[in-house]
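I have placed the structure first, in the form of C-alpha coordinates, so that the comments after it can refer back to it.
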Amino acid sequence: MDRISVTGIEVFGRHGVLPHEREIGQRFVVDVVLELDLSPAAASDDLADTVHYGDLAADVAGIASGQPVQLIEALAGRIADRCLQAPMVHAAEVTVHKPAAPLPVVASEVAVTLRRERADGSSVA
0 MDRISVTGIE VFGRHGVLPH EREIGQRFVV DVVLELDLSP AAASDDLADT VHYGDLAADV
60 AGIASGQPVQ LIEALAGRIA DRCLQAPMVH AAEVTVHKPA APLPVVASEV AVTLRRERAD
120 GSSVA
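In this text, residue positions in the sequence shown follow numbering that gives the first Met the number 0: the first is 0, and each later residue adds one.
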(Lines of atoms letter the chains of each structure in order from A and count residues from 1; the text may use other names and numbers.)
(Lines give C-alpha, C1' and ligand atoms only; values in the text may rest on other atoms or scores of the structure.)
Protein backbone atom coordinates (compact mmCIF):
# COMPACT_ATOMS: atom_id res chain seq x y z
CA MET A 1 0.00 0.00 0.00
CA ASP A 2 1.20 3.50 -0.83
CA ARG A 3 1.46 6.21 1.79
CA ILE A 4 1.15 9.95 2.21
CA SER A 5 2.83 11.37 5.31
CA VAL A 6 2.40 14.80 6.83
CA THR A 7 4.62 15.17 9.87
CA GLY A 8 5.32 17.85 12.41
CA ILE A 9 2.01 19.75 12.30
CA GLU A 10 2.46 22.14 15.24
CA VAL A 11 -0.49 23.67 17.05
CA PHE A 12 -1.38 25.27 20.36
CA GLY A 13 -4.14 23.39 22.16
CA ARG A 14 -5.85 23.11 25.52
CA HIS A 15 -5.98 19.33 25.90
CA GLY A 16 -5.29 17.55 29.15
CA VAL A 17 -6.71 16.07 32.31
CA LEU A 18 -5.29 18.73 34.62
CA PRO A 19 -7.17 22.05 34.91
CA HIS A 20 -4.08 24.16 34.20
CA GLU A 21 -3.48 22.29 30.91
CA ARG A 22 -6.91 23.40 29.71
CA GLU A 23 -6.55 26.91 31.10
CA ILE A 24 -3.02 27.72 29.94
CA GLY A 25 -2.70 25.36 26.97
CA GLN A 26 0.45 24.01 25.38
CA ARG A 27 2.12 22.93 22.15
CA PHE A 28 1.11 19.72 20.39
CA VAL A 29 2.67 18.13 17.31
CA VAL A 30 0.76 15.77 15.02
CA ASP A 31 1.99 13.28 12.43
CA VAL A 32 -0.40 11.65 9.97
CA VAL A 33 0.25 8.74 7.61
CA LEU A 34 -2.44 7.74 5.12
CA GLU A 35 -2.47 4.38 3.34
CA LEU A 36 -4.02 4.45 -0.11
CA ASP A 37 -3.44 3.44 -3.71
CA LEU A 38 -1.51 6.27 -5.37
CA SER A 39 -1.24 4.60 -8.78
CA PRO A 40 -4.20 6.59 -10.22
CA ALA A 41 -2.55 9.89 -9.20
CA ALA A 42 0.85 8.74 -10.45
CA ALA A 43 -0.66 7.90 -13.84
CA SER A 44 -2.91 10.95 -14.21
CA ASP A 45 -0.88 13.68 -12.47
CA ASP A 46 -4.27 14.97 -11.27
CA LEU A 47 -4.93 16.21 -7.73
CA ALA A 48 -8.45 14.74 -7.91
CA ASP A 49 -6.88 11.25 -7.83
CA THR A 50 -5.19 11.70 -4.46
CA VAL A 51 -5.62 13.35 -1.07
CA HIS A 52 -4.91 17.09 -1.00
CA TYR A 53 -2.38 17.10 1.82
CA GLY A 54 -2.59 20.87 2.24
CA ASP A 55 -6.30 20.63 3.04
CA LEU A 56 -5.64 17.62 5.25
CA ALA A 57 -2.93 19.45 7.22
CA ALA A 58 -5.22 22.45 7.73
CA ASP A 59 -8.05 20.21 8.94
CA VAL A 60 -5.72 18.34 11.32
CA ALA A 61 -4.45 21.65 12.73
CA GLY A 62 -8.02 22.82 13.19
CA ILE A 63 -8.96 19.69 15.10
CA ALA A 64 -5.82 19.74 17.25
CA SER A 65 -6.21 23.41 18.14
CA GLY A 66 -9.97 23.16 18.55
CA GLN A 67 -12.37 21.58 21.03
CA PRO A 68 -10.38 20.41 24.07
CA VAL A 69 -10.29 16.77 25.15
CA GLN A 70 -8.78 15.25 28.26
CA LEU A 71 -6.77 12.53 26.52
CA ILE A 72 -4.51 12.78 23.51
CA GLU A 73 -5.87 9.32 22.64
CA ALA A 74 -9.24 10.99 22.03
CA LEU A 75 -7.59 13.73 19.98
CA ALA A 76 -5.78 11.15 17.83
CA GLY A 77 -9.08 9.34 17.31
CA ARG A 78 -10.78 12.52 16.08
CA ILE A 79 -7.96 13.16 13.65
CA ALA A 80 -8.04 9.56 12.38
CA ASP A 81 -11.79 9.86 11.78
CA ARG A 82 -11.13 12.96 9.64
CA CYS A 83 -8.43 11.13 7.68
CA LEU A 84 -10.80 8.27 6.87
CA GLN A 85 -13.35 10.70 5.41
CA ALA A 86 -11.30 10.72 2.21
CA PRO A 87 -12.92 7.88 0.24
CA MET A 88 -9.66 6.58 -1.23
CA VAL A 89 -7.92 6.18 2.17
CA HIS A 90 -7.72 2.57 3.39
CA ALA A 91 -6.11 3.34 6.75
CA ALA A 92 -4.65 6.19 8.78
CA GLU A 93 -1.95 6.27 11.42
CA VAL A 94 -1.95 9.31 13.70
CA THR A 95 0.65 10.27 16.28
CA VAL A 96 -0.05 13.09 18.72
CA HIS A 97 3.04 14.38 20.53
CA LYS A 98 2.70 16.27 23.80
CA PRO A 99 6.19 17.70 24.41
CA ALA A 100 5.35 19.47 27.68
CA ALA A 101 3.25 16.77 29.31
CA PRO A 102 3.28 17.18 33.09
CA LEU A 103 5.24 14.17 34.34
CA PRO A 104 6.88 13.38 37.68
CA VAL A 105 10.13 12.56 35.82
CA VAL A 106 12.17 14.17 33.06
CA ALA A 107 11.11 12.99 29.60
CA SER A 108 11.38 14.50 26.13
CA GLU A 109 7.70 14.03 25.35
CA VAL A 110 4.68 11.81 25.55
CA ALA A 111 3.18 10.55 22.31
CA VAL A 112 0.22 8.39 21.39
CA THR A 113 0.02 6.58 18.06
CA LEU A 114 -3.09 4.90 16.77
CA ARG A 115 -3.96 3.23 13.49
CA ARG A 116 -7.48 3.02 12.13
CA GLU A 117 -8.77 1.21 9.06
CA ARG A 118 -12.05 1.44 7.25
CA ALA A 119 -14.51 -0.87 8.98
CA ASP A 120 -15.09 -2.89 5.81
CA GLY A 121 -11.48 -2.65 4.61
CA SER A 122 -12.59 -1.01 1.38
CA SER A 123 -11.92 2.30 -0.26
CA VAL A 124 -13.60 4.18 -3.03
CA ALA A 125 -11.34 4.85 -5.99
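Cβ atoms here follow ideal geometry from the backbone N, Cα and C, with glycine treated the same way.
Original post:
Would you call the CB atoms of A79 and V93 closer than 8 Å?
Top reply: yes
Original post:
Where do the ends of the alpha helix (DSSP H) carrying E20 lie?
Top reply: P18 to I23
Original post:
To which residues of the same chain is R21 closer than 8 Å at the C-beta, ignoring the five residues directly before and after it?
Top reply: R13, H14, G15 and P67
Subject >> A56 beta carbon less than 8 Å from that of V5 >> reply: yes
Original post:
For L37, which three-state DSSP category applies?
Top reply: coil
**OP:** Kindly give me the distance between the Cβ atoms of V50 and M87, rounded to whole angstroms, as I take these residues to be in contact under 8 Å.
**Re:** 7 Å
Original post:
Skipping 5 residues on each side, what residues in its chain have a beta carbon closer than 6 Å to that of A63?
Top reply: V10, G12, F27 and V29
Original post:
Below 8 Å between beta carbons: does that hold for P101 and E108?
Top reply: no
Subject >> A100 at chain B interface by Cβ criterion, 8 Å >> reply: Of the protein chains in the structure, only one exists, and it is not chain B.
Original post:
L33 and A91 look like a contact to me (Cβ under 8 Å); what is the Cβ gap, rounded to whole Å?
Top reply: 5 Å
**OP:** Consult DSSP for S4 and reduce its assignment to one of helix, strand or coil.
**Re:** strand
Subject >> Where A126 falls: helix, strand or coil (DSSP) >> reply: Look at the range of the chain in this structure, 0 to 124, and you will see that residue 126 is not part of it.
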